[in-house]
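Asks:
Listed below in structure tokens is the structure:
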């Protein structure tokens, strides 16, 4: 086919890792370019002038930014191992949860773990989000059913990154006691081969986050 | 399809509801519309169909509820596939349309909200500057997406036209409130002309609200939120 696929990303970014999960799932060969956030490459700035962020997928010289947009593009371009459900209603539901995770869940969880003031309120909001998300799982193994689907891929922030951050900060947010169903999912999730290979080492991730939090102060 | 098979919960003032209605119009879908007087109270059906966000629009199709305007528009495009396409057919063009729609919702519209609710002059000025910056980007995007044709979607209205065009009413209200010109023939020539074409399109025309009526609603909204605080 002569496809040239490049990914501008970062080992520590869940958004970047999502794209890698999808590309690997589809058997797409790609060149990975690690971006240093303190010194963004001219190419990254050229291919994503609007947001100047990773991930950016470059397919035959054409750039695509925003992880959810990239995931949908990958699913539409490479047909094997579909990520999105086939049924339009199920697709609408999957898109809804993906958006909910990115816009509400993870920001609330991050706040609950890192807030210095009003921590209790932040915790309450985060718990509400996680409870809602847990409701979407019902009695399924994964959000996608028997196998990992779009929502599972997008929930890498919840299934792995959140657990690392909460451990680092000593916050007990996603626990087996509070969210038995969601917690069980997270354990299955990180053990799943197609997910596991794109999870960064926790200790290195903690070092990375500590540096981010320090810079923010 | 029976009319009651498709129901839309909406509000006349909401640009997000407008998106869903334009899409339904493009596909000539017969649907039942329920106006939500959400400033006063939210209907039981709304709270039941969208328990998480409790917002309009909500599309209920064959008893399946769904929310989030752009998700609804994509659903409409996928289900009523015999009608004119809303999303482009090429995956890269689709990604481009989705990218700019996300930009509008995540970055551009929030600056309009910041202007609307801004208390101090500095905050309002910064919000306007952000909106203007965004319009420059969108003017450029129009050139690339339209490829010389009338709309972002080409010969006819598409996903990005709907995603952006729904805010033209609010844009006019903002211009009046701020005493500024955001869309103009000098600053944004392509978008200016596009705005006229979009507003007069058959799928959009009947949904355009009077600017003064919208402005009045905005004042009511501001008054209510201030009273609540």
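Protein chains in written order, with our numbering: chain A, 111 to 327; chain B, 16 to 244. We treat Cβ as the ideally placed atom computed from N, Cα and C, and that holds for glycine. None of the values given here were measured: they were computed from a predicted structure.
Using a 10 Å radius around the Cβ and a threshold of 16 neighbouring Cβ atoms, would you call residue 66 of chain B buried or exposed?
Replies: Translated into positions along the second chain, residue 66 of chain B becomes position 51. Exposed is the call here.
Asks: Use the C-beta contact count for residue 231 of chain A: other C-beta atoms within 10 angstroms, 16 or more gives buried, fewer gives exposed.
Replies: Translated into the one-based positions of the first chain, residue 231 of chain A becomes position 121. Looking at its Cβ environment, which holds fewer than 16 other Cβ atoms inside 10 Å, residue 231 of chain A is exposed.
Asks: Nearest-angstrom Cα distance between residue 227 of chain B and residue 188 of chain B?
Replies: Stepping through the second chain from its first residue, residue 227 of chain B is reached at position 212. Stepping through the second chain from its first residue, residue 188 of chain B is reached at position 173. Approximately 8 angstroms between the Cα atoms of the pair.
Asks: With H, G and I counted as helix, E and B as strand and the rest as coil, what does DSSP make of residue 206 of chain B?
Replies: Position 191 of the second chain, counting from 1, holds the residue named residue 206 of chain B. It is helical.
Asks: By Cβ distance below 7 angstroms, which residues in the same chain neighbour residue 109 of chain B in space, the five residues on each side in sequence not counted?
Replies: Taking the first residue of the second chain as 1, we reach residue 109 of chain B at position 94. Correct list, in chain order: 102, 103.
Asks: So, is the C-beta of residue 346 of chain A closer than 7 angstroms to a C-beta in chain B?
Replies: For chain A, the structure presents residues 111 to 327; residue 346 of chain A sits outside this window and is missing.
Asks: Please report the distance separating the alpha-carbon of residue 222 of chain A from that of residue 297 of chain A.
Replies: Here residue 222 of chain A corresponds to residue number 112 of the first chain, with the count starting at 1. Here residue 297 of chain A corresponds to residue number 187 of the first chain, with the count starting at 1. If I take the Cα positions, the gap works out to 21 angstroms.
Asks: Does the beta carbon of residue 183 of chain A sit closer than 7 angstroms to a beta carbon anywhere in chain B?
Replies: If you number the first chain from 1, residue 183 of chain A lands on position 73. For residue 183 of chain A, the answer is yes, since a Cβ of chain B falls inside 7 angstroms of its Cβ.
Asks: Quick one, are the C-beta atoms of residue 142 of chain B and residue 124 of chain B less than 7 angstroms apart?
Replies: Locating residue 142 of chain B in the second chain gives position 127, counting from the first residue. Locating residue 124 of chain B in the second chain gives position 109, counting from the first residue. Going by C-beta atoms, residue 142 of chain B is not nearer than 7 angstroms to residue 124 of chain B.
Asks: Taking the alpha carbon of residue 244 of chain A as the point to measure from, which residue in A:136, A:273, A:211, A:274 has its own alpha carbon closest?
Replies: Indexing the first chain from 1 puts residue 244 of chain A at position 134. For the residues A:136, A:273, A:211, A:274, the minimum Cα distance to residue 244 of chain A belongs to A:211.
Asks: Cβ of residue 106 of chain B less than 7 angstroms from any chain A Cβ?
Replies: Locating residue 106 of chain B in the second chain gives position 91, counting from the first residue. Closer than 7 angstroms to some Cβ of chain A, the Cβ of residue 106 of chain B qualifies, so yes.
Asks: Report the rounded CA-to-CA distance for residue 163 of chain A versus residue 252 of chain A, giving the unit in angstroms.
Replies: The count along the first chain starts at 1 and reaches residue 163 of chain A at position 53. The count along the first chain starts at 1 and reaches residue 252 of chain A at position 142. When rounded, the distance between both Cα atoms is 29 angstroms.
Asks: Residues in the same chain with beta-carbon distance under 6 angstroms from residue 216 of chain A, minus the five sequence neighbours each way, listed in chain order, please.
Replies: In the first chain, residue 216 of chain A corresponds to position 106, counting from 1. Here the set comprises 267.
Asks: In chain B, which residues lie less than 9 angstroms from residue 196 of chain A when you measure between Cβ atoms?
Replies: Counting from 1 along the first chain, the entry for residue 196 of chain A is found at position 86. Under the 9 angstroms cutoff, chain B gives no residues; its nearest Cβ is about 10 angstroms from residue 196 of chain A.
Asks: If contact is defined by three or more beta carbon pairs under 8 angstroms, each pair taking one atom from either stretch, is the stretch 145-157 of chain B in contact with the stretch 202-212 of chain B?
Replies: Segments in contact, yes.
Asks: Chain B beta carbons: is any one of them nearer than 7 angstroms to that of residue 172 of chain A?
Replies: Stepping through the first chain from its first residue, residue 172 of chain A is reached at position 62. Closer than 7 angstroms: yes.
Asks: Should residue 240 of chain B be labelled buried (16 or more other beta-carbon atoms within 10 Å of its own) or exposed?
Replies: Along the second chain, read from residue 1 onward, the residue named residue 240 of chain B stands at position 225. Residue 240 of chain B is exposed by the Cβ-count criterion.
Asks: Thinking residue 158 of chain A and residue 173 of chain A are a contact (beta carbons under 8 angstroms), I'd like their distance in whole angstroms, please.
Replies: Translated into positions along the first chain, residue 158 of chain A becomes position 48. Translated into positions along the first chain, residue 173 of chain A becomes position 63. Sure, about 7 angstroms apart at Cβ, within 8 angstroms.
Asks: Let's see if you can read the secondary structure: which residues bound the alpha helix (DSSP H) around residue 143 of chain B?
Replies: Within the second chain, residue 143 of chain B is the residue found at index 128, counting from 1. Start and end: 136-161.
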